[in-house]
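In this note's numbering, the protein residues as written are 33 to 533.
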Ligand SMILES: Nc1ncnc2c1ncn2[C@@H]1O[C@H](COP(=O)(O)OP(=O)(O)OP(=O)(O)O)[C@@H](O)[C@H]1O
Ligand SMILES: [Mg+2]
């Protein structure tokens, strides 16, 4: 007889110094179902999963898997038993190739030697079975995040896992890749695999989840079948109060042009992009992943070599060659990739907050002011941490993002470019970030906001630039916003031409 649950985590408690991350939570997962794990940043979702995988040892509680009580000492033990996890922050071995990453710890051997041929063939077979287009010989580090994720999923499948945990798997995937992932999930559940799915994206949850469990502050709040929930109910369970997931920009006067970008090119990634940005304005940038929006931002911020065109600030031409020069000229960039170019893991929240503009704190450094400034943003963004001295790596993914937002707000730039500012951020904090951006615009700052979320880009922007494959295909005024129109210009080279008034 099949058990009702393939996995039961009962009364799990996990404490870190100064933090009660899990205060006796229970999660029961049915085989062949997608179980969504929801909750605000720092609610304890990733921690519970790490307790399951043996990455952390719970202080107390019981894990029953496949009818038996288990205690995994490490991920390898969990994998061998049939539980695998695709992590929020991927950590592949970048200098090894895909095959080696896939079969790490269980390489096929022939005599005393690694059987590279078999390893390669096994990889190809696996990718074919999952319909993945990945070259097994490519260096892991050369793959896009999406491809790396696909490799991780293939790895989980190759272990014949009964339970696969996916911690915010779609945060860097394009729409086609998301569809592909959902298809794989469907195949998995059809083969009776249970998927524990963590995401802050409501649409995803309602599309694929069968069951939903909500945590708040390390406590279990509710478990419901998805069909009995709607977005409002779910948000209320997560946040503990009613709210919407959108904070529209507050009207404020639009001033002079502060930044002018003229025929900007950066290789083939950015081709002849031109726009003006005014004080008090939020200029949205829409487009699909890979449209060249991030590259445009990097070119303006001095992180990417410019091959053509000009950039003016307050009417004066700029020749920015590095981020330091950009910051000096009053331009800041919040990058989308917090691990690659964002957080410095071992340093404290204070250090991570003040680092972009250390000069402000004099010599010797005024630590008191550094602390006060950091505390101000930790409070404003509701960042969950025991103290501002905590190393940033100890924070949950979303809370790390909040620290980075604070970092750039603190430099008080004239032009703030934010690239996917609310990725991985829960609904409550999202509204806080929106309101902060709105407030900055109200103070006469100019903001460029790259966002792949249609409601966000439409709700927050005064105008929207749309890009496709490095080209700017359109620019819309607020009264012209229309999601279908935006999508149309985001998916083709066709250019938006304004109708005569
Ligand atoms: N290694 C650690 N050391 C100290 N505290 C930690 C550690 N890992 C997690 N925490 C704390 O435990 C709490 C729960 O974190 P967790 O990462 O599980 O949150 P989450 O629900 O996954 O959030 P997010 O949506 O932001 O990813 C947080 O307050 C976090 O700061
Ligand atoms: Mg997490």
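For every residue, glycine included, the Cβ atom is placed at its ideal position computed from N, Cα and C.
**Message:** Pop quiz: residue 302 and residue 502 are said to be a contact at Cβ under 8 Å. What is the actual Cβ separation, rounded to whole angstroms?
**Reply:** As a working mapping, residue 302 is identified with position 270 in the chain shown. As a working mapping, residue 502 is identified with position 470 in the chain shown. Confirmed, Cβ separation roughly 5 Å.
**Cβ contact check for the stretch 336-352 and the stretch 419-429: 3 or more pairs under 8 Å** = no
**Message:** Less than 8 Å between the C-beta atoms of residue 384 and residue 424, yes or no?
**Reply:** Reading the chain shown from its first residue, position 352 is the one you call residue 384. Reading the chain shown from its first residue, position 392 is the one you call residue 424. Cβ atoms of residue 384 and residue 424: closer than 8 Å.
**Request:** Could you tell me if the beta carbon of residue 208 falls within a distance shorter than 7 Å of some heavy atom in ligand 1?
**Result:** For the purposes of this step, residue 208 is taken as the residue at position 176 of the chain shown. Checking every heavy atom of ligand 1 against the Cβ of residue 208, none is found closer than 7 Å.
**Asked** Just checking my contact of residue 221 with residue 64 at CB under 8 Å: how many whole Å lie between their CB atoms?
**Response** Along the chain shown, read from residue 1 onward, the residue named residue 221 stands at position 189. Along the chain shown, read from residue 1 onward, the residue named residue 64 stands at position 32. That belief holds up - the Cβ atoms of residue 221 and residue 64 are roughly 5 Å apart, short of 8 Å.
**Collapsed DSSP secondary structure at residue 205 in the structure displayed** = The residue you call residue 205 lines up with position 173 of the chain shown. Reduced to three states, the DSSP call for residue 205 is coil.
**Asked** Buried or exposed: where does residue 295 fall if 16 or more other Cβ atoms within 10 Å of its Cβ makes it buried?
**Response** Along the chain shown, read from residue 1 onward, the residue named residue 295 stands at position 263. That one is exposed.
**Asked** What is the C-beta distance between residue 363 and residue 280, in whole angstroms, given that I count them as a contact (C-beta under 8 Å)?
**Response** Position 331 of the chain shown, counted from the start, is the residue given in the question as residue 363. Position 248 of the chain shown, counted from the start, is the residue given in the question as residue 280. Not confirmed; about 26 Å, so no contact.
**Item:** residue 272: CB within 7 Å of a non-hydrogen atom of ligand 1
**Value:** As a working mapping, residue 272 is identified with position 240 in the chain shown. Checking the Cβ of residue 272 against ligand 1 gives no.
**Message:** Taking the straight line between their C-alpha atoms, what separation do you get for residue 367 and residue 436?
**Reply:** Taking the first residue of the chain shown as 1, we reach residue 367 at position 335. Taking the first residue of the chain shown as 1, we reach residue 436 at position 404. Cα to Cα, residue 367 sits roughly 9 Å from residue 436.
**Message:** I'd like the span of the alpha helix (DSSP H) that includes residue 490, first residue to last.
**Reply:** Here residue 490 refers to the residue found at position 458 when the chain shown is read from its first residue. Element bounds for residue 490: 486-492.
**Asked** Can you name the residues that DSSP bridges to residue 47?
**Response** Here residue 47 refers to the residue found at position 15 of the chain shown. Its beta-bridge partners are 52.
**Item:** Local Cβ density within 10 Å of residue 101, reported as buried at 16 or more and exposed below that
**Value:** Numbered from 1 along the chain shown, position 69 holds the residue referred to as residue 101. Residue 101 is exposed by the Cβ-count criterion.
**Request:** Please list, in chain order, all residues of the same chain as residue 166 whose beta carbon is under 7 Å from its beta carbon, the five residues on each side excluded.
**Result:** Here residue 166 refers to the residue found at position 134 of the chain shown. Excluding residues within five positions, the ones whose Cβ falls inside 7 Å are 130, 159, 179, 182 and 183.
**Asked** Given that a residue counts as buried once 16 or more other Cβ atoms are within 10 Å of its Cβ, and exposed if not, what is residue 38?
**Response** As a working mapping, residue 38 is identified with position 6 in the chain shown. Buried, because 16 or more other Cβ atoms sit within 10 Å of the Cβ of residue 38.
**Collapsed DSSP secondary structure at residue 144 in the structure displayed** = Position 112 of the chain shown, counted from the first residue, corresponds to residue 144. If DSSP states are grouped into helix, strand and coil, residue 144 belongs with coil.
**Request:** Classify residue 510 as buried or exposed, calling it buried when 16 or more other Cβ atoms lie within 10 Å of its own Cβ.
**Result:** Translated into the one-based positions of the chain shown, residue 510 becomes position 478. Burial call: exposed.
**Item:** Residue nearest to residue 408 in terms of C-alpha spacing, selected from 441, 396, 242 and 397
**Value:** The residue given as residue 408 occupies position 376 in the chain shown. Nearest of 441, 396, 242 and 397 to residue 408, Cα basis: 441.
**Request:** Would you decide whether residue 456 is buried or exposed? Buried here means 16 or more other CB atoms lie within 10 Å of its CB.
**Result:** Against the chain shown, residue 456 aligns to sequence position 424. Residue 456 comes out buried.
**Message:** Tell me the DSSP secondary structure of residue 243 in three-state form.
**Reply:** Stepping through the chain shown from its first residue, residue 243 is reached at position 211. Reduced to three states, the DSSP call for residue 243 is strand.
**Asked** Distance, Cα to Cα, residue 533 vs residue 496?
**Response** Stepping through the chain shown from its first residue, residue 533 is reached at position 501. Stepping through the chain shown from its first residue, residue 496 is reached at position 464. Low confidence applies here, because residue 533 scores a pLDDT of 48, under 50, leaving its location unreliable; read the following figure in that light. Their Cα atoms are separated by approximately 19 Å.
**Asked** So which of 434, 35, 412 and 439 has the shortest CA-CA distance to residue 390?
**Response** If you number the chain shown from 1, residue 390 lands on position 358. Residue 439 is the option with its Cα nearest to residue 390.
**Asked** Among residues of its own chain, excluding the 5 on either side of residue 451, which ones have a beta-carbon nearer than 8 Å to its beta-carbon?
**Response** Numbered from 1 along the chain shown, position 419 holds the residue referred to as residue 451. For residue 451, where only same-chain residues beyond five positions count, the Cβ hits under 8 Å are 325, 326, 329, 365, 366, 367, 368 and 482.
**Prompt:** So the alpha helix (DSSP H) residue 284 belongs to, where does it begin and stop?
**Reply:** Looking up residue 284 in the chain shown gives position 252. No alpha helix (DSSP H) contains residue 284, which DSSP labels as neither H nor E.
**Message:** Given the structure, does residue 203 come close to ligand 2, in the sense that its CB is under 7 Å from one of the ligand's heavy atoms?
**Reply:** As a position in the chain shown, residue 203 is number 171, starting the count at 1. Residue 203: no, Cβ never under 7 Å from ligand 2.
**Message:** Using the Cβ count rule (16 or more neighbours within 10 Å means buried), how would you classify residue 80?
**Reply:** Taking the chain shown and counting its residues from 1, the one referred to as residue 80 is at position 48. That one is buried.
**Asked** Using a Cβ-Cβ cut-off of 7 Å (strictly less than) and excluding sequence neighbours within five positions of residue 91, which residues of its own chain qualify?
**Response** Counting from 1 along the chain shown, the entry for residue 91 is found at position 59. Cβ within range, chain order: 45, 46 and 47.
**Asked** So, residue 234 versus residue 261, is the Cβ gap smaller than 8 Å?
**Response** One-based indexing of the chain shown puts residue 234 at position 202. One-based indexing of the chain shown puts residue 261 at position 229. No. Outside cutoff.
**Item:** Contact test: residue 51 Cβ vs ligand 1 heavy atom, cutoff 7 Å
**Value:** Counting from one through the chain shown, the residue named residue 51 turns up at place 19. Yes.
**C-alpha gap between residue 398 and residue 386, whole angstroms** = Residue 398 sits at position 366 when you count from the first residue of the chain shown. Residue 386 sits at position 354 when you count from the first residue of the chain shown. Whole-angstrom Cα-Cα distance: 11 Å.
**Prompt:** DSSP three-state call for residue 511: helix, strand or coil?
**Reply:** On the chain shown, position 479 is the one that residue 511 refers to. Note: residue 511 maps to helix in three-state DSSP.
**Prompt:** Would you say residue 231 touches ligand 2, meaning its beta carbon is less than 7 Å from a heavy atom?
**Reply:** If you number the chain shown from 1, residue 231 lands on position 199. Checking every heavy atom of ligand 2 against the Cβ of residue 231, none is found closer than 7 Å.
**Asked** For residue 75, which option in 517, 521 and 253 has the closest C-alpha, if you only look at C-alpha atoms?
**Response** Translated into positions along the chain shown, residue 75 becomes position 43. Comparing Cα positions, the closest option is 253.
**In chain order, each alpha helix (DSSP H) run of at least 4 residues that lies wholly inside the stretch 416-498** = 429-442, 459-474 and 486-492
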